[in-house]
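Only one structure is covered here, and it is reproduced in the block below.
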Amino acid sequence: MLVIISIILGILLAFAVDWYIPVSLTSYFAIVILAALDSIFGGFRSSLEKKFDYTIFVTGLVGNSAIAVFLMYIGQRLGADLYLAAVLVFGTRMFQNFAIIRRFYIKVLVEKRRERRFKALREASKEGKTPEKQE
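Here the working numbering is used: the first residue of the sequence shown is 1086, the next is one more, and so on.
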């Protein structure tokens, strides 16, 4: 419940406050958002696997963001697009985590459907009917 309230308050605050990001910092902000999304998907995946650890989540979020910003800063100083390495890694991990999350929920839905079908078959067999005769 606290998480939902925090999200709602954050959204309301974002719309209520008139803020902007300077153009010179937009690329840094974008890479930090990408790192945050990667950490969120990873945290959600680990919570589904019953392996979530808050310390690992926070340190991963901060560490990934710092490394990505550092790569971007060094790349800008050298005139090379080093931030693309971070974008590639974060993007790949986000898609992998999303695929694992998707498979988890598909498996849950298939198992629930199978359980409902078996339950219906058991009830029908107790009544002496088969699913074909129920019409």
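Here a beta-carbon is modelled for each residue, glycine too, at the ideal position from N, C-alpha and C.
Since we're looking at a predicted model, the values are computed, not measured.
Check: Alpha-carbon spacing of residue 1142 relative to residue 1180, whole angstroms; Outcome: 18 Å
Check: Span of the alpha helix (DSSP H) around residue 1179; Outcome: 1168 to 1211
Check: Extent of the continuous alpha helix (DSSP H) to which residue 1127 belongs; Outcome: 1111 to 1133
Check: DSSP three-state assignment for residue 1086, whether helix, strand or coil; Outcome: coil
Check: Boundaries of the alpha helix (DSSP H) in which residue 1155 is found, first to last residue; Outcome: 1139 to 1163
Check: Rounded separation between residue 1124 and residue 1147 - CA only; Outcome: 9 Å
Check: Residues near residue 1205 by beta carbon distance below 6 Å, same chain, minus five either side; Outcome: none
Check: Residue 1209 to residue 1134 span [Cα, whole Å]; Outcome: 36 Å
Check: Environment of residue 1098 [buried if 16+ CB atoms lie within 10 Å]; Outcome: exposed
Check: Under 9 Å between C-beta atoms of residue 1108 and residue 1153; Outcome: no
Check: Closest residue to residue 1167 among 1137, 1157, 1174 (Cα-Cα distance); Outcome: 1157
Check: Nearest-angstrom Cα separation, counted from residue 1194 out to residue 1212; Outcome: 27 Å
Check: Alpha-carbon to alpha-carbon, residue 1191 and residue 1220; Outcome: Low local confidence applies: a pLDDT of 49 at residue 1220 is under 50, so the model's placement there is unreliable, and no value is given.
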